[in-house]
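For the sequence shown, the UniProt record's numbering assigns the number 1 to the initial residue and increments by one for each residue that follows.
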Amino acid sequence: MLHVELLPDDPFETRLRADWEALERLDLPNLSRHRSTSNRPHVTLSVHSDDVLADDPAGGRPRGPAREALADRLQQGLPLPLRLGALSVFGSGPYVLVRTLVVSTGLLALHAGVQELLGPPCVAHCEVGRWVPHTTVAHRLDADQVARALSVLDPSPPPGTLVRARLWDSTRRVLEDLA
């Protein structure tokens with residue numbers, strides 16, 4: 001699957017990683033334990049099938065006009081101001097702890113523009129009208145762990161900026177900068 005992701009500026013990324021470190025100090029699940037080079041704070045804009053950007057019937061990595069159109073769309077939409085909203089919990093157990101984003105017209109326009117270009121995403125929670133922009137802090141938590149995590153995380157971190165975009169090909173395990 002192809003994940004279109006937005007990346008924060010360096011100071012804001014450092015702030016988000018501090019959330020991970022705070023949970024690690026309590027021995028709670030957090031994303032610092034995920035050691036892949038692809039793991040960094042991000043906002044998933046959309047998720048699509050592997051062939052959505054292929055420029056030939058055989059598929060393959062995005063290239064040529066389709067990839068360029070996506071990169072252009074993202075470059076036109078960035079940078080975007082980034083303000084975090086509430087700490088929130090997704091799921092019904094085990095839980096995912098996230099920081100939601102305060103939605104801006106620019107962020108919604110970029111999301112809709114990517115959907116217009118690539119078509120409907122392959123996961124329903126990325127569809128226009130259903131998408132909840134967020135950055136993940138931890139996953140696979142039980143209710144007690146969620147309560148402990150919420151007790152140590154700063155509820156209102158300072159604002160930042162979404163400055164870059166990348167494509168994460170989870171099938172081939174390849175990252176590609178787009179904007």
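All residues carry an ideal CB built from backbone N, CA and C; glycine is no exception. Here the structure is a predicted model, which is why all the values come from computation and not from measurement.
Fill in: Separation of Gln115 from Gly129, as counted between CA atoms
On the sequence shown, residue 129 is found 129 positions in, with the first residue counted as 1. On the sequence shown, residue 115 is found 115 positions in, with the first residue counted as 1. Those two C-alpha atoms are separated by around 11 Å.
Discussion item. By the DSSP assignment, the beta strand (DSSP E) with residue 185 in it spans what residues?
Written reply: Residue 185 is absent from the structure shown; the chain starts at 1 and stops at 179.
Discussion item. For Ala165, report the span of its beta strand (DSSP E) as first-last.
Written reply: For this step, residue 165 is matched to residue 165 along the sequence shown. In the DSSP assignment, Ala165 falls within the beta strand (DSSP E) that extends over Gly160 to Asp169.
Worksheet item: Given 8 Å as the limit, is there contact between the stretch 16-29 and the stretch 140-150, that is, 3 or more CB pairs closer than that?
Response: Touching, per the Cβ criterion.
Item to complete: State the Cα-Cα distance for the pair Thr171 and His3, rounded to the nearest angstrom.
Response: As a working mapping, residue 171 is identified with position 171 in the sequence shown. As a working mapping, residue 3 is identified with position 3 in the sequence shown. So the two alpha carbons sit approximately 10 Å from each other.
Practice prompt. Express the C-alpha separation of Ala165 and Leu107 in angstroms, rounding to a whole number.
Written response: Locating residue 107 in the sequence shown gives position 107, where the first residue counts as 1. Locating residue 165 in the sequence shown gives position 165, where the first residue counts as 1. Spanning the two alpha carbons is a distance of roughly 13 Å.
Worksheet entry | Per-residue burial, Pro62 [other beta carbons within 10 Å of its own, 16 or more giving buried] | Here residue 62 refers to the residue found at position 62 of the sequence shown. Legend: pLDDT at Pro62 = 47, less than 50; position of this residue unreliable, value from coordinates given subsequently. Taking every protein chain shown into account, the CB of Pro62 has 16 or more other CB atoms within 10 angstroms, so this residue is buried.
Worksheet item: If you pair each beta-carbon of the stretch 144-156 with each one of the stretch 118-125, do three or more pairs fall below 8 Å?
Response: Taking a cut-off of 8 Å for Cβ pairs, the stretch 144-156 and the stretch 118-125 do not touch, as fewer than three such pairs fall below it.
Discussion item. Tell me the DSSP secondary structure of Pro33 in three-state form.
Written reply: Stepping through the sequence shown from its first residue, residue 33 is reached at position 33. Sequence inspection shows Arg at residue 33; the Pro mentioned does not correspond to that position. DSSP, reduced to helix, strand and coil, places Arg33 within a helical segment of the structure shown.
Worksheet item: Looking only at its own chain, which residues have a Cβ that is under 6 Å from the Cβ of Gln75, when we skip the five neighbours before and after it?
Response: In the sequence shown, residue 75 corresponds to position 75, counting from 1. Excluding residues within five positions, the ones whose Cβ falls inside 6 Å are Ala179.
Worksheet item: DSSP beta-bridge partners for Ser46?
Response: If you number the sequence shown from 1, residue 46 lands on position 46. Beta-bridge pairing by DSSP links Ser46 to Val4.
Practice prompt. Verify whether the separation of the beta carbon atoms of Asp19 and Leu150 is less than 7 Å.
Written response: Numbered from 1 along the sequence shown, position 19 holds the residue referred to as residue 19. Numbered from 1 along the sequence shown, position 150 holds the residue referred to as residue 150. No, they are not a contact pair.
Fill in: Own chain residues within Cβ distance below 8 Å of Arg73, not counting five before or after
Here residue 73 refers to the residue found at position 73 when the sequence shown is read from its first residue. So the qualifying residues of the chain are Leu110, Gly113, Val114 and Leu117.
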